[in-house]
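> Residue numbering for the sequence shown follows UniProt numbering, beginning at 1 and increasing consecutively.
We put the beta carbon where it would ideally sit given N, CA and C, even for glycine.
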Amino acid sequence: MEKVNYKLFVKTGDKLYSGTDANVFIILYGTNGKKSDTVHLDTFFHNDFEQDQLDKFTIQCENLDEIGMIEFWRDDAGIGSNWYVETVKVVNQKTDEEFIFPILRWIKAHYHYKIVHLDTSLPGDDPCKEQREQELFEKRKLPPQVRHQMIIRAECIIYILASIKICVIKGNIKVSSALGRLVSVTVSNCELRRGEMRGRRERLGTINSAIKLAIHIVSIAVSSAVIVVVVFVVAIVVIYDIFRNI
């Protein structure tokens with residue numbers, strides 16, 4: 001039985017938290033009706049499938065002729081098991097033929113994905129109709145992605161802080177008299193925005209927004225503290241000059 005080496009290139013996406021520590025397995029399907037054994041994709045002393053990383057593996061099996069389809073899956077082992085895959089490329093090292101399998105999706109744990117070469121089959125001729133229908137069903141049932149409720153509340157705090165106008169006049173800090181109205185309007189807007197929430201948002205967007213909001217809050221707090229310190233110092237200097245001239 002003739003053995004052939006196939007070089008496998010797996011490209012993990014560059015999205016936040018797209019790398020995985022899970023165990024990944026794959027099966028190659030040839031156009032001659034044969035398939036490889038289940039292969040555990042793992043390189044000793046190397047952290048595979050990190051964010052924006054291209055991993056290379058060698059699979060030795062009987063000659064599959066052209067690779068028409070791959071089947072791969074992962075488990076939920078490790079701390080970070082989420083995984084976003086861009087592409088998988090298989091190269092027959094005997095003939096140098098390349099076979100590209102576009103993935104471009106988040107990979108769920110314990111779900112077997114079957115992808116045909118170039119993913120170019122028509123819906124009616126798709127050999128993986130059940131998988132296509134399942135993915136369409138999941139897309140239909142998911143509502144539009146919106147901000148998490150905690151992010152909305154954080155934005156409300158930002159709006160309130162941004163609405164406060166601190167004026168330094170003769171050493172006194174005066175808050176705009178319109179603050180009450182601004183807070184009332186802001187809270188009403190926040191309630192409306194919370195009422196519009198219908199679903200969930202990917203962790204990527206939520207974390208990025210939270211970081212930006214936290215930085216914004218800290219910058220406002222620091223600015224306010226600096227103003228208070230400056231006013232305090234100016235007041236002390238003025239009082240000192242007054243008493244010195246008496």
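1. Within 8 Å, do at least three Cβ pairs link the stretch 72-82 to the stretch 29-37?
2. Kindly provide the ranges of any beta strand (DSSP E) runs that are 3 or more residues long and lie completely inside the stretch 49-84, ordered along the chain.
3. Return helix, strand or coil for Ile220, following the three-state DSSP convention.
4. Can you list, in chain order, the residues of its chain whose CB lies under 7 Å from that of Glu98, leaving out five sequence neighbours each side?
5. State the DSSP-derived secondary structure class of His46, mapped to helix, strand or coil.
6. Quick check on Glu2: does DSSP put it in helix, strand or coil?
7. I need the boundaries of the beta strand (DSSP E) containing Tyr29, first residue and last residue.
8. Let me know if Ala214 comes out buried or exposed under the rule of 16 or more other beta-carbons within 10 Å of its beta-carbon.
9. To the nearest angstrom, how far is the alpha carbon of Glu135 from that of Trp106?
10. Quick check: Lys114 and Cys128, are their CB atoms within less than 7 Å of each other?
11. So, does the CB of Glu71 fall closer than 7 Å to a CB anywhere in chain B?
12. Sort out for me which residues DSSP pairs His40 with in a bridge.
On the basis of the data shown:
1. No, the stretch 29-37 does not touch the stretch 72-82.
2. As far as the stretch 49-84 is concerned, its whole beta strand (DSSP E) runs of at least 3 residues are 54-62, 67-74.
3. Working through the sequence shown from its first residue, we reach residue 220 at position 220. Three-state result, Ile220: helix.
4. Mapped onto the sequence shown, residue 98 falls at position 98. Spatial neighbours of Glu98 in its own chain (CB-CB distance under 7 Å, excluding positions within 5 residues in sequence) are listed in chain order as Lys89, Val91.
5. Here residue 46 is taken as the residue at index 46 of the sequence shown, counted from 1. Here DSSP, grouped into helix, strand and coil, assigns His46 to coil.
6. The residue labelled residue 2 in the question sits at position 2 within the sequence shown. In this structure, Glu2 counts as coil in the three-state DSSP scheme.
7. Residue mapping note: residue 29 aligns to position 29 of the sequence shown, counting from 1. Annotation for Tyr29: the continuous beta strand (DSSP E) segment containing it runs 24-30.
8. Stepping through the sequence shown from its first residue, residue 214 is reached at position 214. Label assigned to Ala214: exposed.
9. As a working mapping, residue 135 is identified with position 135 in the sequence shown. As a working mapping, residue 106 is identified with position 106 in the sequence shown. Glu135 and Trp106: Cα-Cα distance of roughly 11 Å.
10. Numbered from its first residue, the sequence shown carries residue 114 at position 114. Numbered from its first residue, the sequence shown carries residue 128 at position 128. Their beta carbons are under 7 Å apart, which means Lys114 touches Cys128 by this criterion.
11. Going by chain labels, chain B is absent from the structure shown, which holds only one protein chain.
12. For the purposes of this step, residue 40 is taken as residue 40 along the sequence shown, with counting starting at 1. Answer by DSSP bridge pairing, in chain order: Phe25.
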